[in-house]
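Asker:
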Amino acid sequence: MSPPSVLALRQVTKSFGPVEVLHGVTLDLRAGEVLALIGENGAGKSTTMKILAGIEAPSAGQILLDGQEVTFGSLHDGEEAGIVMIHQEFNLAEQLTVEQNIFLGRELRKGWLLDKARMRRLTREYLARINCHIDPDMLVSKLSNSDKQMVEIAKALSRDARVLVMDEPTAVLTGSETRILFEQVRALKAAGTAILFTSHKLGEVAEIADTVTVLRDGTLVHDGPAREITEDEMATAMVGRDVSDLFPDKPAVAPGG
Ligand SMILES: Nc1ncnc2c1ncn2[C@@H]1O[C@H](COP(=O)(O)OP(=O)(O)OP(=O)(O)O)[C@@H](O)[C@H]1O
Ligand SMILES: [Mg+2]
Numbered sequence: 484m485s486p487p488s489v490l491a492l493r494q495v496t497k498s499f500g501p502v503e504v505l506h507g508v509t510l511d512l513r514a515g516e517v518l519a520l521i522g523e524n525g526a527g528k529s530t531t532m533k534i535l536a537g538i539e540a541p542s543a544g545q546i547l548l549d550g551q552e553v554t555f556g557s558l559h560d561g562e563e564a565g566i567v568m569i570h571q572e573f574n575l576a577e578q579l580t581v582e583q584n585i586f587l588g589r590e591l592r593k594g595w596l597l598d599k600a601r602m603r604r605l606t607r608e609y610l611a612r613i614n615c616h617i618d619p620d621m622l623v624s625k626l627s628n629s630d631k632q633m634v635e636i637a638k639a640l641s642r643d644a645r646v647l648v649m650d651e652p653t654a655v656l657t658g659s660e661t662r663i664l665f666e667q668v669r670a671l672k673a674a675g676t677a678i679l680f681t682s683h684k685l686g687e688v689a690e691i692a693d694t695v696t697v698l699r700d701g702t703l704v705h706d707g708p709a710r711e712i713t714e715d716e717m718a719t720a721m722v723g724r725d726v727s728d729l730f731p732d733k734p735a736v737a738p739g740g
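So the mapping is simple: our numbering equals the position in the sequence shown, first residue as 1, plus 483.
Dropping the structure here:
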């Protein structure tokens, strides 16, 4: 039996003005599972993720949280429900420090005062978990893109998410940073977090996903266990035709030879 669905979409449609970009998307995020949402540029991955996180409202269809229909009024409602999203575009306050970003909007207090010691200790703890050695006092504007992504990940880890939505988290990470992220993903999975992630690197998808869901031009064209789909089949589902002609891995046989 599959684990219970934590967050789900049912026949979700999204239009921007007159243009419909998602056409009846249905998917389930389950406790302790990693779902990879893949598709070409513009397929609708980020839009789907933003709807799940409460950042965009669907034009039609339902969002179910623990099987009950919910209406998210804002990102705040999504966060209240334990849904944390790491954006494709960074979502950090550049003029604040690493630590201020991690606790932005939920600063820890001791009575009336900020509990600076505790925030410092926790910041160091979250960064250590992802093997990131930046100074908590460093301004985010001074960080490299990959360190910014590590701060986003630390911030997400600090929130005890029930659902973690990551939009192309590895795009700016090095190979070893990706390994560290995947270790954390495995730990969160073991703790029962439902995880949704997207990547253009199909090898990563094959490595970490339990379920692979493919969007093509806003339509869900494949949804099934990761172990039952090869990377070639993922690519074919994404573009809608056999891509082995585009990327031949064997030399073509010459006609007549
Ligand atoms: N705010 C918006 N206003 C108008 N159109 C939008 C908006 N956001 C997304 N779109 C359109 O919706 C479609 C899906 O975009 P989306 O960003 O969800 O794709 P994606 O799969 O995340 O692509 P990528 O791989 O490039 O990140 C695209 O055609 C895009 O131009
Ligand atoms: Mg996107």
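Note that the Cβ used here is the ideal one computed from N, Cα and C, for glycine as well.
Using a Cβ distance threshold of 8 Å, determine whether the stretch 511-524 contacts the stretch 670-680, with at least three qualifying pairs required.
Answerer: Touching, yes.
Asker: Report the partner residues of Gly707 according to the DSSP bridge assignment.
Answerer: Indexing the sequence shown from 1 puts residue 707 at position 224. According to DSSP, which records beta bridges pairwise, Gly707 is partnered with Val695.
Asker: Grouping DSSP H, G and I as helix and E and B as strand, with all else coil, what is Val722?
Answerer: As a working mapping, residue 722 is identified with position 239 in the sequence shown. Note: Val722 maps to helix in three-state DSSP.
Asker: With DSSP as the reference, label Glu635 as helix, strand or coil.
Answerer: For the purposes of this step, residue 635 is taken as the residue at position 152 of the sequence shown. DSSP places Glu635 in helix when its eight states are reduced to three.
Asker: For ligand 3, any of its heavy atoms closer than 7 Å to the Cβ of Lys684?
Answerer: With respect to ligand 3, the structure shown offers nothing to examine, as its ligands consist of ligand 1 and ligand 2.
Asker: When DSSP builds the beta bridges, which residues end up paired with Glu563?
Answerer: Mapped onto the sequence shown, residue 563 falls at position 80. The partner list for Glu563 (beta bridge, DSSP) is empty, contrary to what the question assumes.
Asker: For Met568, which three-state DSSP category applies?
Answerer: For this step, residue 568 is matched to residue 85 along the sequence shown. The answer is strand: DSSP assigns Met568 an E or B state.
Asker: What do you reckon, is the C-beta of Ser529 under 7 Å from a heavy atom of ligand 1?
Answerer: Here the question's residue 529 lines up with position 46 in the sequence shown. Within the cutoff, so yes.
Asker: By how many angstroms is the C-alpha of Val508 removed from the C-alpha of Met633?
Answerer: Within the sequence shown, the letter at position 150 stands for residue 633. Within the sequence shown, the letter at position 25 stands for residue 508. If I take the Cα positions, the gap works out to 30 Å.
Asker: Taking buried to mean at least 16 other C-beta atoms within 10 Å of its own C-beta, is Asn584 buried or exposed?
Answerer: The residue labelled residue 584 in the question sits at position 101 within the sequence shown. Looking at its Cβ environment, which holds 16 or more other Cβ atoms inside 10 Å, Asn584 is buried.
Asker: Would Gly550 be called buried (16 or more neighbouring beta carbons within 10 Å of its own) or exposed?
Answerer: In the sequence shown, the residue the question calls residue 550 occupies position 67. With fewer than 16 Cβ atoms within 10 Å of its Cβ, Gly550 is classed as exposed.
Asker: What's the gap between the Cα of Arg607 and the Cα of Pro501?
Answerer: Here the question's residue 607 lines up with position 124 in the sequence shown. Here the question's residue 501 lines up with position 18 in the sequence shown. Cα to Cα, the separation comes out at about 48 Å.
Asker: Can you check which of these residues, Ser529, Glu660, Ile613, Val655, is closest to Ala637 by C-alpha distance?
Answerer: Translated into positions along the sequence shown, residue 637 becomes position 154. Selected option, being the one with the closest Cα: Ile613.
Asker: Could you name the residues of the same chain whose beta carbon sits closer than 7 Å to that of Ile741, not counting the 5 residues immediately before and after it, in chain order?
Answerer: What the structure shows of the chain is the stretch from 484 to 740, and residue 741 is not part of that stretch, so it cannot be assessed.
Asker: Within the continuous beta strand (DSSP E) that includes Thr531, where are the two ends?
Answerer: To locate residue 531, count along the sequence shown from 1; it is residue 48. Taken as a continuous stretch (DSSP letters only), Thr531 belongs to no beta strand (DSSP E), being part of the alpha helix (DSSP H) at 528-536.
Asker: Does the beta-carbon of Gly707 have 16 or more other beta-carbons within 10 angstroms, so that it is buried, or is it exposed?
Answerer: Mapped onto the sequence shown, residue 707 falls at position 224. It counts as exposed.
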